[in-house]
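Undergrad:
Number of protein chains: 2
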Amino acid sequence: MKLYSYYRSSASFRVRIALNLKGLPYEYLPVHLVRGGGEQMAPAYQAINPAGLVPALEDDGQLLSQSLAIIEYLEETHPSPALLPAKPADRAYVRAVALQVACEIHPLNNLRVLKYLKGTLGVSEEDKQAWYRHWVTSGFASLEKRLASDPHTGKLVYGDQPTIADLCLIPQVWNARRFDIALDAYPTIARIDEYAMTLEAFRKAEPAAQPDAE
Amino acid sequence: MKLYSYYRSSASFRVRIALNLKGLPYEYLPVHLVRGGGEQMAPAYQAINPAGLVPALEDDGQLLSQSLAIIEYLEETHPSPALLPAKPADRAYVRAVALQVACEIHPLNNLRVLKYLKGTLGVSEEDKQAWYRHWVTSGFASLEKRLASDPHTGKLVYGDQPTIADLCLIPQVWNARRFDIALDAYPTIARIDEYAMTLEAFRKAEPAAQPDAE
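Each protein sequence line maps, in turn, to chains A and B.
The letter at position 175 of the first sequence is residue 175 when you use the UniProt record's numbering, and the numbering goes up by one with no holes.
The letter at position 79 of the second sequence is residue 79 when you use the UniProt record's numbering, and the numbering goes up by one with no holes.
1) Looking at the structure shown, is Q40/B part of a helix, part of a strand, or coil, going by DSSP?
2) Name, please, each residue of chain A whose Cβ falls closer than 9 Å to the Cβ of P50/B.
3) Apart from the five residues on each side of it in sequence, which residues of its chain come closer than 6 Å, Cβ to Cβ, to residue 220/A?
4) Can you tell me whether DSSP reads A56/B as helix, strand or coil?
5) Tell me the DSSP bridge mates of G159/A?
6) Measuring alpha carbon to alpha carbon, tell me which residue in R95/B, A51/B, V173/B, R35/B is nearest L68/B.
7) Of all the alpha helix (DSSP H) runs that stay within the bounds of the UniProt domain "GST C-terminal" (87 to 214) of chain A, which reach a length of 4 or more residues?
8) Answer yes or no: does any C-beta atom of chain A fall closer than 8 Å to that of A205/B?
9) Check distances from the C-beta atoms of the stretch 123 to 135 of chain B to those of chain A and list, in chain order, the residues that come in under 9 Å.
10) Any beta carbon of chain B sitting closer than 8 Å to that of L156/A?
11) Please report the straight-line C-alpha distance between A176/A and V136/A, rounded to a whole angstrom.
12) Check the Cβ of S65/A against every Cβ in chain B and list those closer than 7 Å, keeping chain order.
13) Does the stretch 21 to 34 of chain B touch the stretch 191 to 201 of chain A, meaning 3 or more C-beta pairs lie closer than 8 Å?
14) Between the stretch 154 to 173 of chain A and the stretch 118 to 125 of chain A, do at least 3 Cβ pairs fall closer than 8 Å?
15) Measure the alpha-carbon distance for Y132/B versus N109/B and round it to whole angstroms.
16) Report back the beta-carbon spacing between E75/A and R91/B to the nearest angstrom; my notes put them in contact at under 8 Å.
17) Which word fits R35/B, buried or exposed, when buried means at least 16 other C-beta atoms lie within 10 angstroms of its C-beta?
18) Among Y7/B, L3/B, K2/B, M1/B, whose alpha-carbon lies nearest the alpha-carbon of P207/B?
19) In angstroms, rounded to a whole number, what distance separates the CA positions of I192/A and A98/A?
20) Considering only DSSP beta bridges, list what Q66/A is partnered with.
21) Could you give the first and the last residue of the continuous alpha helix (DSSP H) run that contains L21/B?
22) Show which residues of chain B have a CB atom less than 9 Å away from the CB atom of L24/A.
23) R146/B and P107/A - do their beta-carbons sit closer together than 8 Å?
24) Chain B partners of L169/A, CB-CB under 7 Å?
25) Mind listing the chain A neighbours of A165/B? Cutoff is C-beta to C-beta under 8 Å, in chain order.
26) Under a three-way DSSP split, which group does Y4/B fall into?
27) Could you spell out the range, first to last residue, of the beta strand (DSSP E) harbouring P30/A?
28) Can you tell me whether L74/B is helix, strand or coil according to DSSP?
29) Does A69/A come within less than 8 Å of chain B when only Cβ atoms are used?
30) Is there a Cβ of chain A sitting closer than 8 Å to that of V113/B, yes or no?
31) Please classify A47/A: does DSSP put it in a helix, a strand, or coil?
32) Under 8 Å, do I48/B and A42/B count as touching if we go by C-beta distance?
33) Below 8 Å between beta carbons: does that hold for L64/A and Y73/A?
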């Protein structure tokens, strides 16, 4: 398998964790999202993935895009260890936590969105940072309430074994730290993050551990 | 089953199509997202769904949230008719198209985001409309390129039978029309939408056909 990735892309980070947890070796192909206006927009990468986004996974001659679609694919083709529980209602719970990060927080703080705010709308650097913090803190507040009270919560989001919910949550926590957002108000999230980062699959997927880290 | 829904919420629209396609009867419980600052923030609804979002589906005493998690749950518990193809790579393709709408377009044009732009950042009505159009048109341009050239494309996104990709795409087209975005530049998307809206399951899920439509 080949993974088109950018070290700091949290959607790439999710897929790297999944590949590590399932013990699947892969070739790492860096796509620099900032240099020269973004290598993802260059013809070379557009020919591979016309959507111009990372991550993308090449497997068996097929190019797969969208991190959660890639992770579900890995789950179906390499079911062990499972990243989703067995019962439909439990699977729905884990997917909902993953989507709460992937649809409610992450898209608002993407590079292209921050660029539009600053470049097109002329928002100040301070207001841009406040925007970033707003969506992380309101999203984390809602998640914290859920995780603190839900009986499924263990050392990780769903019991003690990693699920796709952790794959989305941990990279988002990494982003929050990068933007100096304190986690004091989200003790359950902070505790889950601390435990996850003791696991090799998560540590090896961290931005700083990637070949293109700066 | 009980569906907490708002007629104009496109995430609710997705789940309504899924329920209709699978022939599952449900009780419609309206949650007005605008009236009185939004009924989804009121204690009565927060007690049901602390995330304060619609849709939410109650089934078998469980409350499920996040439209795509709900749809995957319906697919697992009521597999026929299938809303995903059989092969993992094809399933990944359909999920990727669905996520391209659900993660790249829709979250940026949510009510709460438009409110923040106008209320907190003081963006003009004109710039807010331009923001809305920007994410729809750039997202549709990318999707059009994909759908126009992909051999999977049929009368619908994947062949001629509805999949979760159509469940995400059609409500997004409805939103685009509501904001007077012309579809001329996206002939494949327009054609898929036209065909989908000849199907009863889609028509019955339309905002105008809901009991809380205004």
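Using N, Cα and C, we set each Cβ at its ideal position, and we do this for glycine too.
Source: prediction; values computed, not measured.
TA: The structure says:
1) Position 40 of the second sequence, counted from the first residue, corresponds to residue 40/B. Three-state DSSP puts Q40/B in a helix.
2) Here residue 50/B is taken as the residue at index 50 of the second sequence, counted from 1. Those within 9 Å of P50/B in chain A are S142, K145, R146, S149.
3) Residue 220/A is absent from the model: chain A starts at 1 and stops at 214.
4) By one-based count along the second sequence, residue 56/B stands at place 56. A56/B: strand per DSSP, three-state reduction.
5) For the purposes of this step, residue 159/A is identified with residue 159 of the first sequence, where counting begins at 1. DSSP output for G159/A lists T153/A as bridge partner(s).
6) Taking the first residue of the second sequence as position 1, residue 68/B is located at position 68. The residue from R95/B, A51/B, V173/B, R35/B with its alpha-carbon nearest to that of L68/B is R95/B.
7) Runs found: 88 to 104, 111 to 115, 125 to 149, 164 to 178, 187 to 196, 200 to 203.
8) To locate residue 205/B, count along the second sequence from 1; it is residue 205. For A205/B, the answer is no, since every Cβ of chain A falls outside 8 Å of its Cβ.
9) Under the 9 Å Cβ criterion, the stretch 123 to 135 of chain B contributes V123, D127, A130, W131, H134, W135.
10) In the first sequence, the residue the question calls residue 156/A occupies position 156. L156/A does not count as touching chain B.
11) For the purposes of this step, residue 176/A is identified with residue 176 of the first sequence, where counting begins at 1. For the purposes of this step, residue 136/A is identified with residue 136 of the first sequence, where counting begins at 1. In this structure, the alpha-carbon of A176/A lies about 7 Å from that of V136/A.
12) Looking up residue 65/A in the first sequence gives position 65. Contact annotation for S65/A against chain B: A96 [CB-CB distance below 7 Å, chain order].
13) The stretch 191 to 201 of chain A is not in contact with the stretch 21 to 34 of chain B.
14) Between the stretch 154 to 173 of chain A and the stretch 118 to 125 of chain A, the count of C-beta pairs closer than 8 Å stays below three; the two stretches do not touch.
15) For the purposes of this step, residue 132/B is taken as the residue at position 132 of the second sequence. For the purposes of this step, residue 109/B is taken as the residue at position 109 of the second sequence. Using only the alpha carbons, I get a separation of about 6 Å.
16) By one-based count along the first sequence, residue 75/A stands at place 75. By one-based count along the second sequence, residue 91/B stands at place 91. Their Cβ separation, rounded to whole angstroms, is 10 Å, which puts E75/A and R91/B out of contact at 8 Å.
17) Here residue 35/B refers to the residue found at position 35 when the second sequence is read from its first residue. That one is exposed.
18) The residue given as residue 207/B occupies position 207 in the second sequence. Taking the Cα of P207/B as reference, the smallest distance to any Cα among Y7/B, L3/B, K2/B, M1/B is reached at Y7/B.
19) Stepping through the first sequence from its first residue, residue 192/A is reached at position 192. Stepping through the first sequence from its first residue, residue 98/A is reached at position 98. A direct Cα-to-Cα measurement between I192/A and A98/A gives close to 14 Å.
20) Counted from its first residue, the first sequence places residue 66/A at position 66. Secondary-structure assignment with DSSP links Q66/A through no beta bridge to anything.
21) Reading the second sequence from its first residue, position 21 is the one you call residue 21/B. 10 to 21 is the extent of the alpha helix (DSSP H) around L21/B.
22) As a first step, residue 24/A must be located in the first sequence, where it is residue number 24. Chain-ordered listing is empty here: chain B has no CB closer than 9 Å to the CB of L24/A, the nearest sitting near 14 Å.
23) By 1-based counting over the first sequence, the position of residue 107/A is 107. By 1-based counting over the second sequence, the position of residue 146/B is 146. Not in contact: P107/A and R146/B (Cβ atoms no closer than 8 Å).
24) Within the first sequence, numbered from 1, the residue matching residue 169/A stands at position 169. Per Cβ cutoff of 7 Å: no residues; L169/A is ~14 Å from chain B at best.
25) By 1-based counting over the second sequence, the position of residue 165/B is 165. Neighbours of A165/B in chain A, taken as residues whose beta carbon is under 8 Å from its own, are absent, since the nearest beta carbon is some 10 Å off.
26) Along the second sequence, one-based indexing puts residue 4/B at 4. Strand at Y4/B.
27) Locating residue 30/A in the first sequence gives position 30, counting from the first residue. Per DSSP, the continuous beta strand (DSSP E) segment holding P30/A begins and ends at 27 to 30.
28) One-based indexing of the second sequence puts residue 74/B at position 74. Reduced to three states, the DSSP call for L74/B is helix.
29) Within the first sequence, residue 69/A is the residue found at index 69, counting from 1. Yes, because at least one Cβ of chain B sits closer than 8 Å to the Cβ of A69/A.
30) Here residue 113/B corresponds to residue number 113 of the second sequence, with the count starting at 1. It does: the Cβ of V113/B has a partner Cβ on chain A nearer than 8 Å.
31) For the purposes of this step, residue 47/A is taken as residue 47 along the first sequence, with counting starting at 1. A47/A: helix per DSSP, three-state reduction.
32) Taking the second sequence and counting its residues from 1, one reaches residue 48/B at position 48. Taking the second sequence and counting its residues from 1, one reaches residue 42/B at position 42. With contacts defined by Cβ atoms closer than 8 Å, I48/B and A42/B do not form a contacting pair.
33) The residue you call residue 64/A lines up with position 64 of the first sequence. The residue you call residue 73/A lines up with position 73 of the first sequence. Taking 8 Å as the Cβ cut-off, L64/A and Y73/A qualify as a contacting pair.
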